[in-house]
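A.B. asks: One structure follows; several queries about it will come next.
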Ligand code: BGC
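Residue numbers (the numbering used here): 56 to 888.
In structure tokens form, the structure reads like this:
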């Protein structure tokens, strides 16, 4: 297959970094291998390798390298082709039955199969296959997939391993000289039954080059240097305090005790803690020195490679914030640094810093951010459970760092608090006694100032003010076609670029208001692989629908939505390529803890956006990994808001370094489950909302100024997020200074899912709250806005000014995105003409 030069360049860049996303959980020194002599390769991920999850986050790359192919490319002689053929057949049969069962259920319930099939994931089947082809060296690749529309389950073949997997993994671990268990997964699996295995590698899902990167690591051409961004524990050890996956109301009773904040605070040891990861070498972290300038804390240290191979280390700095009126988790990640490549014996001096104000917690009683008096213990180390105290910042009295307002609503419960017992380790008391204490001068703490928001161009204001009410309503809706409402299914509501998820209205172009195009992510740009152009416009060639959905769409539905099966051509005309690079999934990127790499990935996306005429990328996505069972966790970064926000900011800066390209950070906020995704209500305290769920968004907005933000499907304390003025206006715009557009998630006209406790979000109510544009838009949404303007909408009234304000922001961002010279945008149309 001949690749375009840009594809080659992108693959090369990714290959030089992607091993940094892998996390080595266990190692006994048997890897890397010295040669490519025979290797026995087993497991579902060997041939059916997963490059990323399902749904809108699935990138339609034109190919990707499976593990089998990657090992072959590297010259390995694979001895288990027969086993892989056998497994392929078993899986094929299981899949056939899985699809048939869902269709039968849908038929019985008299609903379209897509309604039950969307996002449904087949658990890996049990199998009986002789372990043929065993060699001295064996690798078992266990895979799992999940995605949009469906949460994961604590069953075998999903969160748990199947009996067949456990059996074969243990046999191979016992019989082969060198054995590695490789996890081709997007999220956690319960490794309890296979903990004895001496080498375990989280390969994750690395997009187009997954198999090649694994081969590099097996052969020591590169090395894993990632660390977990989510706690890996046995299923039953995860917190059961809050709800998860409820149909209507999901109560976040655990408050701020999410992920490691929970495990550490109740002294429960997980299988593999947050921040953990090994390499082919070892490191020491020596001579930490803390200093304080104003409220800026700096920790310097020396990292030394004390092993015999090259590697990179990720040093982490946690702070134990003193409990006062507010209870506090055992520790909170405050900063981190990744080293350069260090050869055996080499050292690097690193610096980690943060400002004390970032450690402030939300005090609900007063609606303030507060730092309470006491000793702030600084812990430096190589994982959340391998740290030592390197200093203390002492605060003599409480300081309110920011006066805020109440926002987000209130739950019907008090957040859970841990008992006093917390995780501790031998020698901690001595470390505290020895630690250098620095006194924080409270005058040095800054109280947050009002962010400045750039003025809007008066010409844009005038242009929008001159529009009729009808036109204003169009501007606040996606570019729907009144005769073709149902085409707005995931990832295919665009007209200007094939496979794009949507665009703003093109009805006002004659009035000088540009239309701009949006395409999904986050693991790359999601477009159709190829498109044709004829006298009716452009059209996707092949499947623009996520492949996991196609099984559940019958021919009538496919035809009604204008889709053709892969390979079929809908119309005549010239065919163009539109090949996008599949990147590592979100969790994998974060696991690299390498912000330069994250920025580079953004740069790759920006380059392809420019090439294919996309203005807004519908990513990065960074909801918190609140539960390991959320189906979309693979798209998201972490259970920790700091690393989430930093990674999102780095990606944003990469994309937006290309003029005319912007990101859309999503899903704002508390979109932590897929069950009843359109209408589930996340019930969350104000403190957990601010300290955990909003924090990553705040970091990204303040550090990287994203062009756009997408509200989430779910409700927050009984009100849809797109309809909550408090989180859109008071927090997002006024507190953080966000000056982009706010768009809704895709509430698709015509695809409604039965009666539930809560209604769908509506266009008029969303606009009233400052959600500028309702995507992908429909005639019904237009009528809803018009009725609200006319005072005949029973749910809500809108003043013209309220609509104008949203419309100005939509137009303004359009001008910012389209003003840059040299875009290739519209090339398609020009080409065809
Ligand atoms: C997803 C979004 C996505 C949108 C457009 C929705 O179903 O939740 O993340 O950007 O579709 O495809």
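Backbone N, C-alpha and C define an ideal beta-carbon position, used for all residues, glycine too. These numbers come from a predicted model, not from an experiment.
Enumerate in chain order the residues of its own chain whose CB-to-CB distance from residue 577 is below 7 Å, with the five nearest sequence positions on each side excluded.
C.D. replies: 112, 641, 674, 675, 676 and 690
A.B. asks: Whole angstroms is fine: what's the gap from residue 73's alpha carbon to residue 631's?
C.D. replies: 29 Å
A.B. asks: For residue 403, which three-state DSSP category applies?
C.D. replies: Shown here, residue 403 sits in a strand according to DSSP, grouped into three states.
A.B. asks: With a CB to CB cut of under 7 Å and the five nearest residues on each side skipped, what residues in its chain are close to residue 869?
C.D. replies: Same-chain partners within the cutoff: 559, 568, 569 and 571.
A.B. asks: Taking DSSP as the reference, what is the three-state secondary structure of residue 34?
C.D. replies: Only positions 56 to 888 of the chain appear in this structure, which leaves residue 34 out of reach.
A.B. asks: What are the boundary residues of the beta strand (DSSP E) that residue 327 is part of?
C.D. replies: From DSSP, residue 327 is part of no beta strand (DSSP E); its letter is neither H nor E.
A.B. asks: Would you check if the distance between the CB atom of residue 699 and the CB atom of residue 657 is smaller than 8 Å?
C.D. replies: no
A.B. asks: Residues in its own chain within less than 6 Å of residue 416 by CB, not counting five upstream and five downstream?
C.D. replies: So the qualifying residues of the chain are 381 and 746.
A.B. asks: Helix, strand or coil: which one does DSSP assign to residue 142?
C.D. replies: Annotated three-state conformation of residue 142 is helix, per DSSP.
A.B. asks: Mind checking who residue 775 pairs with in its DSSP beta bridge?
C.D. replies: 770
A.B. asks: Determine the extent of the beta strand (DSSP E) in which residue 421 is found, giving its start and end residues.
C.D. replies: From DSSP, residue 421 is part of no beta strand (DSSP E); its letter is neither H nor E.
A.B. asks: Below 8 Å on the Cβ atoms is my contact criterion, and I expect residue 444 with residue 354 to pass it. Report the Cβ-Cβ distance as a whole number of Å.
C.D. replies: No, residue 444 and residue 354 are not in contact; Cβ-Cβ is about 11 Å, not under 8 Å.
A.B. asks: Relative to ligand 1, is the shortest distance from any of its heavy atoms to the C-beta of residue 136 smaller than 7 Å?
C.D. replies: no
A.B. asks: Within the same chain, show all residues whose beta-carbon is closer than 8 Å to that of residue 518, passing over the 5 residues directly before and after it, in chain order.
C.D. replies: 566, 567, 568 and 866
A.B. asks: Quick check: residue 637 and residue 84, are their CB atoms within less than 8 Å of each other?
C.D. replies: no
A.B. asks: To which residues of the same chain is residue 172 closer than 6 Å at the C-beta, ignoring the five residues directly before and after it?
C.D. replies: Within the same chain, 157 and 607 come within 6 Å of residue 172 by CB-CB distance, once the 5 residues on both sides are set aside.
A.B. asks: Could you give the C-beta distance for residue 493 and residue 454, rounded to a whole number, given that I count them as a contact under 8 Å?
C.D. replies: Between residue 454 and residue 493 the Cβ distance is about 16 Å, and since that is not below 8 Å, they are no contact.
A.B. asks: Taking only three categories from DSSP, how would you classify residue 77?
C.D. replies: It is coil, neither helix nor strand.
A.B. asks: Answer yes or no: the CB of residue 801 versus the heavy atoms of ligand 1, is any distance below 7 Å?
C.D. replies: yes
A.B. asks: With a threshold of 7 Å, establish whether the CB of residue 416 neighbours any heavy atom of ligand 1.
C.D. replies: no
A.B. asks: By alpha-carbon positions, which one of 227, 182, 325 and 185 ends up nearest to residue 244?
C.D. replies: 325
A.B. asks: With hydrogens ignored, establish whether the beta-carbon of residue 206 is closer than 7 Å to any heavy atom of ligand 1.
C.D. replies: Checking the Cβ of residue 206 against ligand 1 gives no.
A.B. asks: Since residue 392 and residue 405 should fall inside the 8 Å C-beta cutoff, what is the C-beta to C-beta distance between them, to a whole number of angstroms?
C.D. replies: Their Cβ separation, rounded to whole angstroms, is 4 Å, which keeps residue 392 and residue 405 in contact under 8 Å.
A.B. asks: Based on DSSP bridge pairs, tell me the residues matched to residue 193.
C.D. replies: 95 and 234
A.B. asks: Apart from the five residues just before and just after residue 719, which ones in its own chain have a Cβ nearer than 8 Å to its Cβ?
C.D. replies: 573, 671, 672, 673, 674, 761, 762, 763, 764, 765 and 798
A.B. asks: Residue range of the beta strand (DSSP E) that residue 586 falls in?
C.D. replies: 585 to 589
A.B. asks: Between the C-alpha atoms of residue 189 and residue 231, what's the straight-line distance to the nearest angstrom?
C.D. replies: Their Cα atoms are separated by approximately 8 Å.
A.B. asks: Give the single residue among 724, 199 and 814 whose Cα lies nearest to the Cα of residue 464.
C.D. replies: The option with the nearest alpha carbon to residue 464 is 724.
A.B. asks: Just mark residue 200 as buried or exposed, buried being the case when its beta carbon has 16 or more other beta carbons within 10 Å.
C.D. replies: buried
A.B. asks: How is residue 152 classed by DSSP in three states: helix, strand or coil?
C.D. replies: In the structure shown, residue 152 sits in a helix (DSSP, three-state: H, G or I).
A.B. asks: Excluding five sequence neighbours on each side, which residues of the same chain lie with their C-beta closer than 7 Å to the C-beta of residue 373?
C.D. replies: 386, 387, 388, 389, 434, 439 and 442
A.B. asks: What's the call for residue 135, buried or exposed, on a 16-neighbour Cβ count within 10 Å?
C.D. replies: buried
A.B. asks: Per the DSSP calculation, residue 717 is bridged to which residue(s)?
C.D. replies: DSSP output for residue 717 lists 671 as bridge partner(s).
A.B. asks: With DSSP collapsed to three states, give me the class of residue 471.
C.D. replies: Note: residue 471 maps to coil in three-state DSSP.
A.B. asks: Where residue 317 and residue 294 are concerned, what is the direct C-alpha to C-alpha distance, given to the nearest angstrom?
C.D. replies: Answer to the nearest angstrom: the Cα atoms are 7 Å apart.
A.B. asks: Taking 6 Å as the limit between beta carbons, can you name the residues of its chain near residue 209, skipping five residues before and five after?
C.D. replies: Only 290 meet the Cβ criterion.
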